[in-house]
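Below you'll find the structure, written out as structure tokens, and then a few comments.
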Amino acid sequence: MFSITFVAIAVYALFFRILLRIQEFEIKDGVIPDARPHDKRTPQEGFLHIQSYYTTTLGNALGLAPVNAFLLVNWSSALAEHAESYGIYAILAVFALFAGLVIHVKHLSMVGHRPNWAYPKTGDVSVAGMFYALYFPIQLWVVAVALTWIFWEYGLELPGTGMALAGLGFYAFTVFMDVWTRRWAWLG
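Counting along the sequence shown from 1, when you hit position 55 you're at 54 in numbering that gives the first Met the number 0, and nothing is skipped either side.
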């Protein structure tokens, strides 16, 4: 389980590095501005890049990687044992895609939009933001399936359950930190 978790961390680190590289090109092309410091007392000022968020740096890599590993380790045995659950996984996928779309549209159209690396202007999405908009619903689905397994189908009996729950707890902490430091000004 630990080795798969490290692979999941490495895969996200590679994805994050690609997003950073795209962000660098977008800064050079003038699509997004260069770094300006963030001050939580004036959350609408400054420009937040991908590395400015606790969720996209620590949360995704260290919080969600154990959840991804949990799903990978248990996928074939869980589906073989509960083949009748395919429908719930499809419903969860539709929910995740819909939730991802709603969040994406909210970012694009909200009044008082806070420009950031993914949404540099109201109604505008960066290339890195498009990649993340594809990643986000998939990751949301992975979390939804993991929570379904833990709280509905299996309880705590699957290998890696504790690590997955700890990862989700850590991710929730990074969400709290982003809200508390007003990086997500629309929530804080």
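Every residue gets a Cβ at the ideal spot worked out from N, C-alpha and C, and that includes glycine.
Quiz item: Taking the C-alpha atoms as reference points, what is the distance between residue 2 and residue 69?
Solution: By 1-based counting over the sequence shown, the position of residue 2 is 3. By 1-based counting over the sequence shown, the position of residue 69 is 70. C-alpha separation (whole angstroms): 11 angstroms.
Quiz item: What do you get for residue 136, buried or exposed, if any count of 16 or more other CB atoms within 10 angstroms of its CB means buried?
Solution: Position 137 of the sequence shown, counting from 1, holds the residue named residue 136. Buried, by the Cβ-count rule.
Quiz item: Roughly how many angstroms lie between the CA atoms of residue 165 and residue 171, to the nearest whole one?
Solution: Translated into the one-based positions of the sequence shown, residue 165 becomes position 166. Translated into the one-based positions of the sequence shown, residue 171 becomes position 172. Spanning the two alpha carbons is a distance of roughly 10 angstroms.
Self-check item: Residue burial classification, residue 17 (beta-carbon count within 10 angstroms, cutoff 16)
Solution: Along the sequence shown, read from residue 1 onward, the residue named residue 17 stands at position 18. Its Cβ having fewer than 16 others within 10 Å, residue 17 is exposed.
Quiz prompt | Contact check, residue 133 vs residue 62, beta carbons under 8 angstroms | solution = In the sequence shown, the residue the question calls residue 133 occupies position 134. In the sequence shown, the residue the question calls residue 62 occupies position 63. No; because the gap between Cβ atoms is not below 8 angstroms, this pair is not in contact.
Self-check item: Buried or exposed by the 16-neighbour rule on C-beta atoms within 10 Å, applied to residue 33
Solution: Working through the sequence shown from its first residue, we reach residue 33 at position 34. Looking at its Cβ environment, which holds fewer than 16 other Cβ atoms inside 10 Å, residue 33 is exposed.
Quiz item: Roughly how many angstroms lie between the CA atoms of residue 148 and residue 180, to the nearest whole one?
Solution: The residue given as residue 148 occupies position 149 in the sequence shown. The residue given as residue 180 occupies position 181 in the sequence shown. So the alpha carbons of these two residues sit roughly 33 angstroms apart.
Exercise. Mark residue 60 as exposed unless 16 or more other C-beta atoms lie within 10 angstroms of its C-beta, in which case mark it buried.
Key: The count along the sequence shown starts at 1 and reaches residue 60 at position 61. Classification of residue 60: buried, given that the 10 Å Cβ count is 16 or more.
Quiz item: With 16 other CB atoms within 10 Å as the buried threshold, where does residue 49 fall?
Solution: Start at 1 with the first residue of the sequence shown, and residue 49 comes out as number 50. It counts as buried.
Exercise. Can you check the stretch 1-82 for any alpha helix (DSSP H) of at least 4 residues that lies completely inside it and give the ranges in chain order?
Key: Taking only runs of at least 4 residues, the alpha helix (DSSP H) segments lying wholly in the stretch 1-82 are 1-27 and 64-80.
Quiz item: Between residue 30 and residue 122, what straight-line distance do the alpha-carbon atoms span, to the nearest angstrom?
Solution: Residue 30 sits at position 31 when you count from the first residue of the sequence shown. Residue 122 sits at position 123 when you count from the first residue of the sequence shown. About 13 angstroms.
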